[in-house]
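Residue numbers (the numbering used here): 2 to 449.
One structure is given here, and the rest of the page talks about it.
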Ligand SMILES: [Zn+2]
């Protein structure tokens, strides 16, 4: 397998187009090819068939409501567990919600359906999470009786989670991958808050969270844009976690655009576009859509790297709408509006990233930039990570105004002197293994 991957962008004076060399890990390529539009369609049809999946809906009816829906997801995970050689295990993690006079009007049992694909390396405690929300809402978040199909928001994200679990559970990864469909998103991100708080308390080594919410429809209302070749990834700018504590450092080093969720977003773009054809991953440099939230937010608030993956063009005649026809317009989040080819590609972006991250060695340790004296070149140095087998490292370079890394330079050493001034460029270092799977990048800190 020859899978060394290399993108060489010239830093200055490049025309709008330049050649890239793409080498894919054959195992990841095969898994991405296995993603099936038909499977995704069958999952969404099954979820819609529960009538409503509102968090406050019935939990005792075997055919309708959130209780039946989460049992169905658990059933799918248990089915996949059989082919995993005992590595995949699933359960419903529950907590009791108290009335809050807002979106919860009665004591309610919330359940996240969690499937864990245990890593094969006993020394590797890293965890990668893919999340979607199983619950949904009509026009009112507390209306639990009427039909709420929620095909796109967020059966689409859950379908991606389930399909990744189906395919990935047949493969071995050194690190652990958690597939989760949460509830309580529409009640205030409650399922995700419950899970991220547990992770924080129990010191889980979560390296990345991919939150998928609304990712299966290709067109917008009002502007009528139709496009199934772009998907958005939202990532926070200034980290929400310990902002006060780290603010001076961020200001001093000009790191406003280099938090770990932003690094994850850039990574998702590179790896997503490496493995999925006819897709552009569009980075949006804000935590979420304007004044709105999602399930990655409780994670970033607790200091984890987390991003939101969402379709390019949202359609507000379908989101959070009672199913009805008004002035000739069909409202409601109906299954017939899902573009399964688009959802297949968006699922591929998730799978490729989860696989590449969990196959990669851990990030390099103690990445430093020498600052003892003023120089026009830049010396970076670091240590070999303790987890995973490293073939070498990529040193990433970009101009301060560039949104993306522009150069990616391989070295087998643990230091590199670059003929670029640290005043004018940003740098980072990734670990990479024999099959070309690279870790998330680490931005160097001043080394004295
Ligand atoms: Zn949603």
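Even glycine gets a Cβ: it sits at the ideal position worked out from N, Cα and C.
Predicted model only: the values in this text are computed from it and were never measured.
Under 8 Å: does the beta carbon of residue i sit that close to some heavy atom of ligand 1?
i: residue 158; result: yes
i: residue 134; result: yes
Pull up the DSSP beta-bridge partners for residue i, would you.
i: residue 180; result: 116 and 131
i: residue 210; result: 130 and 307
i: residue 90; result: 117
i: residue 327; result: 330
i: residue 190; result: Paired residue(s): none; residue 190 is not in a bridge.
i: residue 429; result: 397
i: residue 373; result: DSSP, once it has assigned bridges, lists no residue as partnering residue 373.
i: residue 447; result: 370
i: residue 220; result: 227
i: residue 384; result: 366
i: residue 379; result: 419
i: residue 25; result: Residue 25 is not bridged to any residue.
i: residue 281; result: 231
i: residue 35; result: Residue 35 pairs with nothing; no bridge assigned.
Leaving aside the five residues before and after residue i along the sequence, list all residues of the same chain whose C-beta is less than 6 Å from its C-beta, in chain order.
i: residue 240; result: 260
i: residue 13; result: With a pLDDT of 43 at residue 13, under the threshold of 50, the modelled position of this residue cannot be trusted; read the value that follows with caution. Contacts found: none.
i: residue 332; result: 318, 322 and 325
i: residue 8; result: Bear in mind that the predicted position of residue 8 carries a pLDDT of just 43, short of 50, making it too unreliable to give a figure here.
i: residue 77; result: 163
i: residue 49; result: 150, 152 and 336
i: residue 303; result: 197 and 201
i: residue 125; result: 175, 176 and 388
Kindly list the residues whose CB is nearer than 8 Å to the CB of residue i, restricted to its own chain and excluding five residues on each side of it in sequence; keep chain order.
i: residue 445; result: 368, 369, 370, 381, 383, 428, 429 and 430
i: residue 237; result: 260, 262, 263, 287, 288 and 301
i: residue 269; result: 211, 234, 282, 308, 310, 350 and 354
i: residue 390; result: 362, 434 and 435
Judging by CA-CA distance, which residue of the options is the nearest neighbour of residue i?
i: residue 439; options: 299, 423, 372 and 275; result: 275
i: residue 417; options: 425, 394 and 437; result: 394
i: residue 335; options: 42, 20 and 25; result: 42
i: residue 340; options: 24, 217, 158 and 350; result: 217
i: residue 140; options: 222, 55, 97 and 244; result: 55
i: residue 156; options: 170, 146, 186 and 175; result: 186
i: residue 165; options: 178, 66 and 154; result: 178
i: residue 447; options: 189, 97, 256 and 77; result: 256
i: residue 295; options: 197, 251 and 77; result: 197
i: residue 315; options: 190, 208, 231 and 245; result: 231
i: residue 210; options: 350, 309 and 45; result: 309
i: residue 163; options: 87, 250, 285 and 82; result: 82
i: residue 136; options: 38, 72, 375 and 203; result: 72
i: residue 343; options: 366, 312, 373 and 361; result: 312
i: residue 106; options: 144, 133 and 118; result: 144
Note down, in chain order, each residue of its chain lying with its Cβ closer than 7 Å to the Cβ of residue i, except the 5 sequence neighbours on either side.
i: residue 148; result: 52, 53 and 324
i: residue 327; result: none
i: residue 129; result: 176, 178, 208, 209, 355, 358 and 359
i: residue 299; result: 190, 193, 194 and 197
i: residue 242; result: 301, 302, 303 and 304
i: residue 79; result: 91
i: residue 173; result: 121
i: residue 252; result: none
If you measure from the beta carbon of residue i to each beta carbon in chain B, is any gap under 9 Å?
i: residue 419; result: Within the model displayed, chain B is absent; a lone protein chain is all it includes.
Residues near ligand 1, criterion Cβ-heavy atom distance below 5 Å: Those residues, listed in chain order, are 154, 155 and 214.
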